[in-house]
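The structure under discussion appears below in the form of structure tokens.
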Amino acid sequence: ATPGNPKWKRNNLTYRILNYTPKMRRADVDEAVRRALNVWSSVTPLTFQKLEDKEADIMISFAYRDHRDNSPFDGPNGQLAHAFQPGEDIGGDVHMDEEETWTKDGRGYNLFIVLAHELGHSLGLSHSNDPGALMYPTYSYIDPDEFLLPQDDINGIQSIYGQSNAPMQPTGPITPEACDPNLTFDSITTLRGEIFFFKGRYMLRKHPARTEAELNFISLFWPRLPSGIQAAYENIERDEITFFKEDKYWVVRGYDILPGYPKRIYHLGFPKTVKRVNAAYNDETTGKTYFFVADRYWRYDEEKKSMDHGYPRKIVSDFGNIGRVDAAFQKDGYVYFFHGTTQFQFDPHAKRIVRKMKSTSWFNC
Amino acid sequence: FPVAPEAEDEEKTLQFVESYLQSFYDLRKDHHPHIRSGENPLTAKLKEMQSFFGLEVTGKPDLETLEMMKKPRCGVTDVQKYM
Chain A
7 ATPGNPKWKR
17 NNLTYRILNY
27 TPKMRRADVD
37 EAVRRALNVW
47 SSVTPLTFQK
57 LEDKEADIMI
67 SFAYRDHRDN
77 SPFDGPNGQL
87 AHAFQPGEDI
97 GGDVHMDEEE
107 TWTKDGRGYN
117 LFIVLAHELG
127 HSLGLSHSND
137 PGALMYPTYS
147 YIDPDEFLLP
157 QDDINGIQSI
167 YGQSNAPMQP
177 TGPITPEACD
187 PNLTFDSITT
197 LRGEIFFFKG
207 RYMLRKHPAR
217 TEAELNFISL
227 FWPRLPSGIQ
237 AAYENIERDE
247 ITFFKEDKYW
257 VVRGYDILPG
267 YPKRIYHLGF
277 PKTVKRVNAA
287 YNDETTGKTY
297 FFVADRYWRY
307 DEEKKSMDHG
317 YPRKIVSDFG
327 NIGRVDAAFQ
337 KDGYVYFFHG
347 TTQFQFDPHA
357 KRIVRKMKST
367 SWFNC
Chain B
2 FPVAPEAEDE
12 EKTLQFVESY
22 LQSFYDLRKD
32 HHPHIRSGEN
42 PLTAKLKEMQ
52 SFFGLEVTGK
62 PDLETLEMMK
72 KPRCGVTDVQ
82 KYM
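As structure tokens, this is what we get:
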């Protein structure tokens, strides 16, 4: 919230789009504005009515450099937009830097995401230091179709305008914290000597030479990948990562998804009864990839590009009592299995579990 | 006489850091250190920015801090006094 808690005295607000960027179709700009307003109206009693002329509470415009509000824009990149806290005249207004590449997808800057952030200011919010919050100062792309207003922003705006009138109170994603004892993972993979832990739309990146893990959105590296990655493994030899979600998988090299992906997991040889893959790791020495599904696992030969015979087998019969596997990766010869907040270190030579740790043991908590 | 590129970079970096802190952390333009007031205002503001972004608070424009400063962002200030 902003000092002095500036807020609109009414819940029924008006907005007007003063001009349009030539870089997008008018209808797409209207749609981006409508969706951005809906982000806030869906969690508060606020409503927004579009005006075609006259003075509206929130005037939205695209502007160049010095546009007479004492806050000149700086050309492409840098400052993308700004907005003013609730109040008369310029209060509540949103200014977008016309020199940015506005789009409705992942190219340039997504107009919906930046507008939704600026409208937070128009309604009285300041910046949040939660890296996953919409009101975090720096731009991060997320697929608008996957966008959910984070809990941090819901808490902020409801502290000003109260809860939504909807019978079911909306909730939002919470930003994972590396040392949260209850932290579990969707999937984990190594990547060129680092370890990437995936959770929702986030990834925690752990470099062996750094004590702290770095939190980013998955979309920072792979904007076309979905959130909620369920399994992932690195094929070190081919310098490729394979990601799984539901019955699809993607193969990436660096930032690039290889052509022809996603493919369906049945392409790998899974029976149609398998709907998703829970975890996977690639054995550096044998080149075999292990896939864990419910209480069973398959072994895939990366050379022959086919599943080995004699699979699936029961996880418990070959890996011991590790239960369902959420995530797995191999490092320095050991395999690390994650089940909820528990982590098992498995020695494939001795064929037994040699240690049990917390899921967050890699983060020096 | 030609300036050594390295020195110029440092000057440019400092200007960039100052401009960022003036835009988003309310660093006064006339922030020259006063002998008795202790910490250099720029350092203090830099620490405030590093703390806000969860970076290591060094008071120095280190690599991670500069990377964060170069990210595209909202033009509203990060400190609470915007009008």
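Same order as they appear, the protein sequences are chains A and B. Take 7 as the starting number for the first sequence in the numbering used here and just add one per residue. Take 2 as the starting number for the second sequence in the numbering used here and just add one per residue. A virtual CB, placed ideally from N, CA and C, is assigned to each residue, including glycine.
Checking 9 angstroms against the spacing of the C-beta atoms, do residue i and residue j come in under that value?
i	j	result
residue 90 (chain A)	residue 128 (chain A)	yes
residue 86 (chain A)	residue 29 (chain B)	no
residue 207 (chain A)	residue 148 (chain A)	yes
residue 212 (chain A)	residue 191 (chain A)	no
residue 66 (chain A)	residue 30 (chain A)	no
residue 287 (chain A)	residue 336 (chain A)	yes
residue 283 (chain A)	residue 271 (chain A)	yes
residue 276 (chain A)	residue 297 (chain A)	yes
residue 143 (chain A)	residue 77 (chain B)	yes
residue 154 (chain A)	residue 179 (chain A)	yes
residue 49 (chain A)	residue 119 (chain A)	no
residue 107 (chain A)	residue 78 (chain A)	no
residue 195 (chain A)	residue 240 (chain A)	yes
residue 125 (chain A)	residue 42 (chain A)	yes
residue 45 (chain A)	residue 117 (chain A)	no
residue 203 (chain A)	residue 215 (chain A)	no
residue 110 (chain A)	residue 37 (chain A)	yes
residue 333 (chain A)	residue 343 (chain A)	yes
residue 166 (chain A)	residue 17 (chain A)	no
Only counting the same chain, and skipping five residues up and downstream in sequence, which positions put a Cβ closer than 7 angstroms to that of residue i?
i	result
residue 171 (chain A)	51
residue 290 (chain A)	242, 336
residue 319 (chain A)	302, 303
residue 32 (chain A)	26
Pick helix, strand or coil for residue i, following the three-state DSSP scheme.
i	result
residue 369 (chain A)	helix
residue 127 (chain A)	helix
residue 10 (chain B)	helix
residue 258 (chain A)	strand
residue 345 (chain A)	strand
residue 36 (chain B)	Residue placement at residue 36 (chain B) cannot be trusted, given a pLDDT of 48 that sits under 50; the coordinates are not used to answer.
residue 74 (chain B)	strand
residue 273 (chain A)	helix
residue 41 (chain A)	helix
residue 328 (chain A)	coil
residue 304 (chain A)	strand
residue 243 (chain A)	coil
residue 334 (chain A)	strand
residue 286 (chain A)	strand
residue 32 (chain A)	helix
residue 228 (chain A)	coil
residue 299 (chain A)	strand
residue 340 (chain A)	strand
residue 21 (chain B)	helix
residue 323 (chain A)	helix
residue 248 (chain A)	strand
Under 8 angstroms from any heavy atom of the ligand SAH, does the C-beta of residue i make it?
i	result
residue 287 (chain A)	With respect to small molecules bound, the structure shown includes none, and the ligand SAH cannot be examined in it.
To which residues of the same chain is residue i closer than 8 angstroms at the C-beta, ignoring the five residues directly before and after it?
i	result
residue 137 (chain A)	181, 221
For residue i, which residues of its own chain have a beta-carbon under 6 angstroms away from its beta-carbon, when the five flanking residues on both sides are left out?
i	result
residue 35 (chain B)	For residue 35 (chain B), the pLDDT reaches just 49, beneath the cut-off of 50, and the residue's location in the model is therefore unreliable, leaving the point undetermined.
residue 22 (chain A)	57, 62, 65
residue 225 (chain A)	147, 148
residue 53 (chain B)	79
residue 34 (chain A)	110
residue 326 (chain A)	359
Task: Short-range partners of chain A found in the stretch 44-75 of chain B, where Cβ spacing is below 8 angstroms - done: 53, 54, 55, 69, 72, 73, 74, 75
Task: Contact list for the stretch 139-159 of chain A against chain B, Cβ threshold 8 angstroms - done: 143, 144, 145
- [ ] Jot down the residue ranges of each uninterrupted beta strand (DSSP E) in the stretch 177-223 of chain A, minimum 3 residues, whole runs only, in chain order.
- [x] 193-197, 200-205, 208-212, 220-223
TODO: Could you please tell me which residues of the stretch 113-135 of chain A, in chain order, have their CB closer than 8 angstroms to any CB of chain B?
DONE: 115, 120, 123, 124, 127, 132, 133, 135
Open item on the list: Quick check on the DSSP output: what are the complete beta strand (DSSP E) runs of length 3 or more inside the stretch 73-142 of chain A, in order along the chain?
Closed with: 85-89, 100-103
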